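Residue numbers (the numbering used here): 12 to 325.
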């Protein structure tokens, strides 16, 4: 098969997930994949990582052509992130696509958007197409559809009854004495989660597209158990997924040498070293890993650059 000559950044991001699936145990369906990209875009936007958010949101929008509410959400967030990243021309194209989709489906209020996100987007859209253009999309100015809630009912108040009269006791009978209850037992101290449990949690988060959360779990796990090679391998992968090249590169010496069957991790290590300026060591690892790593756009993208020692694209 003829190899691709040019790999767009969208395919690079897509391929990161493809290669991460077998490594971290994630096998999402196609729908889950695009939903994961949308969730990742939201999180990256929240963290102010606008370029990464743009990449993920563009991919998400490709998968929601038959789901207008999700498509509108993706387009709204994408336009805002493109603007924040200084890509005004791309944002103009996204706004044009939004007006087309919203004009046909009118799902503005069905999209999962925060009030502040709606307000920011309307300001952006108004600046682009004017107030008259916004009014031409009646769904944007219509009030949100009311949400039916069950009628509130008064709590049932129990009937008041007179307190029973205390029973009389003979004068010669001494009053009963109460025995104080024993002190509560001290709860046993909870044992820290095992490395296996933390790895399982990180895989679950990856399957849900929560790569930043997985990275945080593994960072804490490695801090608690710095001698665990499995945790450090997982952190190496998670750091590459979140483009924290320095953290990824810092794991390489902790997990070397790589053994048989660890070619995927070896290639991740090569990428991390390449991105942090260690081109020679990256090339050595890539040459060993590439013959046994499944081909995909991510592998081709970095394989060509590492073996050709081209400058890293950041």
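Where a beta carbon is used, it is the ideal one built from N, C-alpha and C, also for glycine.
Since the model is a prediction, treat every value here as computed from it, not as a measurement.
Check: What three-state label does DSSP hand residue 282 in the structure shown?
Finding: For the purposes of this step, residue 282 is taken as the residue at position 271 of the chain shown. If DSSP states are grouped into helix, strand and coil, residue 282 belongs with the helices.
Next item on the list: On a CA-only basis, which of 153, 311, 139, 134 is nearest residue 120? Give me that one, please.
Entry: As a first step, residue 120 must be located in the chain shown, where it is residue number 109. Among 153, 311, 139, 134, the Cα nearest to that of residue 120 belongs to 153.
Notebook entry, point to check: From residue 69 to residue 145, what does the alpha carbon distance come to, in whole angstroms?
Noted result: In the chain shown, the residue the question calls residue 69 occupies position 58. In the chain shown, the residue the question calls residue 145 occupies position 134. In a straight line, the C-alpha of residue 69 is about 23 angstroms away from that of residue 145.
Check: So, do the segment 65-85 and the segment 232-247 have three or more beta carbon pairs nearer to each other than 8 angstroms?
Finding: Flag = no, the segment 65-85 and the segment 232-247 do not touch.
Check: Shortest alpha-carbon distance to residue 253 belongs to which of 217, 272, 235, 116?
Finding: Here the question's residue 253 lines up with position 242 in the chain shown. Comparing Cα-Cα distances from residue 253 to each of 217, 272, 235, 116, the minimum goes to 217.
Check: Does the beta carbon of residue 224 come closer than 9 angstroms to any beta carbon on chain E?
Finding: Annotation note: the requested chain E is absent from the structure, which comprises a single protein chain.
Notebook entry, point to check: Which ranges does the alpha helix (DSSP H) cover as unbroken runs of at least 4 residues, wholly within the segment 36-93, from first to last along the chain?
Noted result: 41-57, 61-73
Notebook entry, point to check: residue 287 lies in the alpha helix (DSSP H); which residues open and close that run?
Noted result: Position 276 of the chain shown, counting from 1, holds the residue named residue 287. Careful: residue 287 lies outside any alpha helix (DSSP H) and carries neither H nor E.
Checklist line | Helix, strand or coil at residue 255 according to DSSP, with G and I counted as helix | finding: Here residue 255 refers to the residue found at position 244 of the chain shown. The answer is coil: DSSP assigns residue 255 none of H, G, I, E or B.
Notebook entry, point to check: In whole angstroms, what separates the C-alpha of residue 272 from that of residue 255?
Noted result: To locate residue 272, count along the chain shown from 1; it is residue 261. To locate residue 255, count along the chain shown from 1; it is residue 244. Residue 272 and residue 255: Cα-Cα distance of roughly 24 angstroms.
Note to self: Distance check for residue 45 and residue 136, CA to CA, integer angstroms please.
What the structure shows: In the chain shown, counting from the first residue as 1, residue 136 sits at position 125. In the chain shown, counting from the first residue as 1, residue 45 sits at position 34. Roughly 25 angstroms between the two C-alpha positions.
Note to self: My output table needs one value for residue 307: the three-state DSSP class, helix, strand or coil.
What the structure shows: In the chain shown, counting from the first residue as 1, residue 307 sits at position 296. Here residue 307 sits in coil by DSSP.
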